[in-house]
Amino acid sequence: MIGLYHDREIETMDKEALSALQLLRYKKTVADALKTPFYKKRLSNVGLESAEDLRSLADIKNIPFTTKEDLREAYPFGLMAVDKEEVVRMHASSGTTGTPTVIYQTQRDLDRWTDLTTRSLVSVGCHKGDIFQNMMTYGLFTGGMGLHYGAEKLGMMVIPVSSGNTKRQFQLMKDFGTTVVHATPSYMLYLYSKMEEFGYKLSDFKLKKALVGAEPHSEEIRKKIENLFGIDAYNSYGLSEMNGPSVAFECDQKSGMHLWEDSYYMEIVNEKTLEEVPDGETGELILSILIRTATPILRYRTRDLTSIIPGPCSCGRISRRISRIKGRTDDMLIINGVNVFPSQIEEVIMKMPEIGTNYRIVVKKNGLLDKLIVQTEVGPSIFSDDARDMNALKRRIIDNLRASITISPVVELHEPGVLPVQEGKAIRVVDERGESK
Amino acid sequence: MKVKQISVFLENTTGRLAEVTKTIAKAGINLRAISIADTADFGILRIILDKPDEGMKVLKDADFTAKQTDVIGIILDDQPGGLMKVMDIFNRDGVNIEYLYSSLINEKGSVVIIFKVEDIDHGLEIVEKAGLEAIASF
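Line order of the protein sequences matches chains U and P.
Sequence positions in the first sequence follow our numbering and run 1 to 437.
Sequence positions in the second sequence follow our numbering and run 1 to 138.
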C-alpha cells in the first residue's frame, strides 16, 4: 500500500534534501552538546569549538564515539544541555552496573519523539479508530510511554495496560475489541499459548496487528505470530538512549526497518576497526540523535549488530532500512525484553560477601518465556542447619538482584565445587536459549 | 549431655546422598540417626554418627558443606505416651522445638529421640529436672 504517509514531505524527500536536513540538525545538536561539560571537553579535543566547525556530514566521523560507560559517568546531570526548568520528563535505563543512564526531554523533544512514533504507526497502516492495547511496560523503561503518545496523537484509542497480567490482557482485548497490540515477540507467543487456558478463542478478538520489539527475533518467529493469530506482525527497534521505540520501524512492506534518518544519523562500523562498512555488510550500529535538545548524544555505540539493506523500499520512503538485529557486541542479555548486563549481577553478588565469589548465570527457555537463573555456592560460612535461614538468604539475593536489574531471577544454591571455577565474566554466562528466538 | 549432630548441605541431584553414605562408610563410621529436611531445590541432611569428629573430618575432606550442631537425644520408654511426656514438659516451659527425629536406637524397651531446640542448655536442664535421661554419646 503505497502512499499512506504521516508526513509525506519529510518521509519522501530526496537524498540531497535529506543530507542537507541532517547537516542542519547535526549542527544544532553539536551546538546543544557544547553546552554540556561532557561534550564541551570532548568536542574541543577534536577541534569542534562551535557548530560551524562541522562543515559537512563527512566531518562527523572525527567526533569520538559515545559509550554507555560515558553516559553512566555523566550521571546524573552531565549531559543535560538545557536549564533544568525546561525538562518535563526523564527516562532511565539500567546501566552496566548499578548506576543507570538517564535521558531528559523538553516538551518540544517529546513532541518530536511523539511525531516519530505516530509516523511509525501510520507506516504499518494504523489509523484513527484503531483500539491500541499497549502491553509494553510503562515507567522508566521507554517501551510503554513511547508509543502511547504517538498512538493518541494519531487518534487511536489507547489501552495503557502495561505488561503482564495475561488474564486481564485477554479480557481487555475481548471487551474493547483491540485491533493493535504492542508487545515483545515472546509475550505474543506466550499469550497464544495461554488463550485456551483462560477460556478464550481467536474469534473472541478483533486483532489485526501486532507491533513487536524490545528483543531480537527471527523471521520465523514473526511468521509464527502472524499465522497463530491470523494477523500482521511488524518489527521495531529502539533504545532508551535514542528516546526509545520508533528509532526504526518496519513499514507495511515488512522488508526491513526504516531507520528514520531525518531524526537519527546512522553509521554502521566494523566492530573491531570501527571503520564504516559498506551497505549490506553487518557491523555495529552507531547513532546520533538529531531531534533532542535536552540530552544530545553523538555517535552512540549501540552495541547492536545489523546491516543496511541496500536499495530503496517499494513504499517510497527515503530513510534507509536496517536488517533485524543480529546480535550484540557486548555481553548484554535480553530477558523477556528487559536488558540485563552480567556485570550488574556480579556487582550485587560481590556486595554480599557472605556468598562466595563463584557464581554462574544461566538463561533458559521456560516454555515460551525466558528464565534467568543465578547459581551461587553455599560455603561453610553461610550454611545453616535451619532451612528457613537458607531460604531467607535466597530471598535476600533475589531482592538485591531485583533492585538492580528490575526482574526477579531464580536463585539456586549449590554445593561448593559444583559450579565450574571461572575467570572471565563472559564464561560465567550460559545462554541455553539457542536460536529459537 | 549434648549430642553432636552433623548437618550437610545437599543439592537435590541424584547421587549426593549416596556420596555422603559412601564417604562415612569408607571411614568405618556408623550412622546412629538420620533425617533430611528438603526444600524445592536443596536438602539439609542431619546425621548422628558414632564417631562425630572423625565423621566431620572425612565429610569436609570430601568437600561437603557440613556443620556441627548440638542437639539433645532423650531416652524414652518405647510405649504409648513416651514422647508425650517430653512434649508436655517442653510445652510447659515454653521450649521451642525446631525439629525432632527418631534415632536408629531401640533396645531394652527404650528409644532415643533427637530434639533440636532453640536454647539447648535450657532444654537439657528441663529434661534432667524432669528426671528424663539425655544420652551422652552414641
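All residues carry an ideal CB built from backbone N, CA and C; glycine is no exception.
From L259/U to Y265/U, what distance separates their C-alpha atoms? In the first sequence, residue 259/U corresponds to position 259, counting from 1. In the first sequence, residue 265/U corresponds to position 265, counting from 1. Answer to the nearest angstrom: the Cα atoms are 9 Å apart.
Start-to-end residues for the beta strand (DSSP E) that takes in E250/U: Translated into positions along the first sequence, residue 250/U becomes position 250. Here the beta strand (DSSP E) through E250/U covers G244 to E250.
Indicate the three-state DSSP secondary structure (helix, strand or coil) for Q79/P in the structure shown. What you label residue 79/P is simply residue 79 of the second sequence in a count that begins at 1. Three-state DSSP puts Q79/P in coil, outside helix and strand.
Starting from D175/U, follow the alpha helix (DSSP H) in both directions and report where the run begins and ends. One-based indexing of the first sequence puts residue 175/U at position 175. Counting along the chain, the alpha helix (DSSP H) containing D175/U begins and ends at T166 to F176.
Flag this pair as touching only if the segment 47-62 of chain P and the segment 88-95 of chain P have three or more C-beta atom pairs under 8 Å; answer yes or no. no
Give every residue of the same chain whose Cβ lies closer than 8 Å to the Cβ of N339/U, excluding the five residues on either side of it in the sequence, and list them in chain order. By one-based count along the first sequence, residue 339/U stands at place 339. Answer for N339/U: S93, S94, M332 and L333, listed in chain order.
Within-7 Å CB hit, T69/P to chain U: Taking the second sequence and counting its residues from 1, the one referred to as residue 69/P is at position 69. True, the Cβ-Cβ gap to chain U drops below 7 Å.
Check the Cβ-Cβ distances between S103/P and every residue of chain U, and say whether any is below 7 Å. One-based indexing of the second sequence puts residue 103/P at position 103. Output row for S103/P: interface = no.
Using the beta-carbon of each residue, which ones in chain U are nearer than 8 Å to E98/P? The count along the second sequence starts at 1 and reaches residue 98/P at position 98. Within chain U, the residues D386 have their CB atoms less than 8 Å from the CB of E98/P, given in chain order.
Evaluate contact between the segment 104-112 of chain U and the segment 298-308 of chain U, counting only Cβ atoms and requiring at least three cross-stretch pairs below 8 Å. no
Within 10 angstroms of its Cβ, does M1/U collect 16 or more other Cβ (buried), or is it exposed? Residue mapping note: residue 1/U aligns to position 1 of the first sequence, counting from 1. The predicted position of M1/U is uncertain, since its pLDDT is 44 and thus under 50; a value taken from the coordinates is nonetheless stated next. Classification for M1/U: exposed.
Suppose contacts are defined by Cβ-Cβ distances below 7 Å. Is A33/P in contact with I114/P by that definition? Numbered from its first residue, the second sequence carries residue 33/P at position 33. Numbered from its first residue, the second sequence carries residue 114/P at position 114. Contact: yes.
List the residues that DSSP assigns as beta-bridge partners of R46/P. Taking the second sequence and counting its residues from 1, the one referred to as residue 46/P is at position 46. S7/P and S35/P.
For the segment 272-282 of chain U against the segment 204-213 of chain U, are there 3 or more C-beta pairs whose distance is under 8 Å? Too few Cβ pairs lie closer than 8 Å, so no.
Min CB distance S7/P to chain U below 7 Å: The count along the second sequence starts at 1 and reaches residue 7/P at position 7. Taking Cβ atoms only, chain U reaches closer than 7 Å to S7/P, which makes this a yes.
Out of M350/U, S314/U, D53/U and I318/U, state which residue places its alpha-carbon closest to the alpha-carbon of S255/U. If you number the first sequence from 1, residue 255/U lands on position 255. The candidate whose alpha carbon is nearest that of S255/U is S314/U.
Under a Cβ-count criterion, where at least 16 other Cβ atoms within 10 Å of its own Cβ denotes burial, should L285/U be classed as buried or exposed? Here residue 285/U corresponds to residue number 285 of the first sequence, with the count starting at 1. A residue is called buried when at least 16 other Cβ atoms come within 10 angstroms of its Cβ; L285/U meets this threshold and is buried.
For the alpha helix (DSSP H) holding A387/U, just list the boundary residues, first then last. Within the first sequence, residue 387/U is the residue found at index 387, counting from 1. Segment A387 to I405, the alpha helix (DSSP H) holding A387/U.
Under 7 Å between beta-carbons, which chain U residues line up against E11/P? List them in chain order, please. In the second sequence, residue 11/P corresponds to position 11, counting from 1. Neighbours of E11/P on chain U, chain order: H414, E415 and V418.
Name the residue from Y187/U, L228/U, Q105/U and K61/U whose alpha carbon lies nearest to the alpha carbon of K167/U. For the purposes of this step, residue 167/U is identified with residue 167 of the first sequence, where counting begins at 1. Of the candidates Y187/U, L228/U, Q105/U and K61/U, the one whose C-alpha sits nearest the C-alpha of K167/U is Y187/U.
Does E98/P come out as helix, strand or coil in the three-state DSSP assignment? As a first step, residue 98/P is located in the second sequence; it is residue number 98 there, counting from the start. For E98/P, the secondary structure class from DSSP, reduced to helix, strand or coil, is strand.
Does any CB atom of chain U fall closer than 7 Å to the CB of T39/P? Indexing the second sequence from 1 puts residue 39/P at position 39. Taking Cβ atoms only, chain U reaches closer than 7 Å to T39/P, which makes this a yes.
Can you have a look at F77/U and say buried or exposed, based on whether 16 or more other CB atoms are within 10 angstroms of its CB? Residue mapping note: residue 77/U aligns to position 77 of the first sequence, counting from 1. Exposed is the call here.
For R72/U, which of helix, strand or coil comes out of DSSP? Looking up residue 72/U in the first sequence gives position 72. Reduced to three states, the DSSP call for R72/U is helix.
By alpha-carbon positions, which one of D385/U, E49/U and G230/U ends up nearest to V30/U? Counted from its first residue, the first sequence places residue 30/U at position 30. When C-alpha distances from V30/U are compared across D385/U, E49/U and G230/U, the shortest belongs to E49/U.
With distance defined between alpha-carbon atoms, name the residue in T179/U, G164/U, E220/U and K84/U nearest to K194/U. Numbered from 1 along the first sequence, position 194 holds the residue referred to as residue 194/U. Nearest of T179/U, G164/U, E220/U and K84/U to K194/U, Cα basis: G164/U.
Locate the beta strand (DSSP E) running through D359/U, then write down its first and last residues. As a working note, residue 359/U is residue 359 in the first sequence. Correcting the residue type first, residue 359/U is Tyr in the shown sequence and not Asp. That run of the beta strand (DSSP E) goes Y359 to N366.
What are the start and end residues of each continuous alpha helix (DSSP H) run of 4 or more residues lying completely inside the segment 35-106 of chain U, in chain order? 37-45 and 68-73
With DSSP collapsed to three states, give me the class of I113/P. The residue you call residue 113/P lines up with position 113 of the second sequence. Strand.
Starting from Y237/U, trace the beta strand (DSSP E) both ways and give me its first and last residue. One-based indexing of the first sequence puts residue 237/U at position 237. Taken as a continuous stretch (DSSP letters only), the beta strand (DSSP E) holding Y237/U covers D232 to L239.
Kindly indicate which three-state DSSP category W260/U falls into: helix, strand or coil? Locating residue 260/U in the first sequence gives position 260, counting from the first residue. Reduced to three states, the DSSP call for W260/U is coil.
In the DSSP assignment, find the beta strand (DSSP E) that holds S288/U and state where it starts and stops. Walking along the first sequence from the start, residue 288/U turns up at place 288. Taken as a continuous stretch (DSSP letters only), the beta strand (DSSP E) holding S288/U covers G283 to I289.
Step through the CB atoms of chain U and report whether any lies within less than 7 Å of the CB of D63/P. One-based indexing of the second sequence puts residue 63/P at position 63. Yes, D63/P counts as interfacial toward chain U.
Starting from the beta carbon of I44/P, find every residue of chain U whose beta carbon is closer than 7 Å, and list them in chain order. The count along the second sequence starts at 1 and reaches residue 44/P at position 44. Simply D385 and A387.
Determine the burial state of F176/U: buried for a count of at least 16 other Cβ atoms within 10 Å of its Cβ, exposed for fewer. Counting from one through the first sequence, the residue named residue 176/U turns up at place 176. Exposed: under 16 other Cβ atoms inside 10 Å.
Note down the Cα distance separating R119/U from E196/U, rounded to an integer number of angstroms. For this step, residue 119/U is matched to residue 119 along the first sequence. For this step, residue 196/U is matched to residue 196 along the first sequence. In this structure, the straight-line span from the alpha carbon of R119/U to that of E196/U is close to 35 Å.
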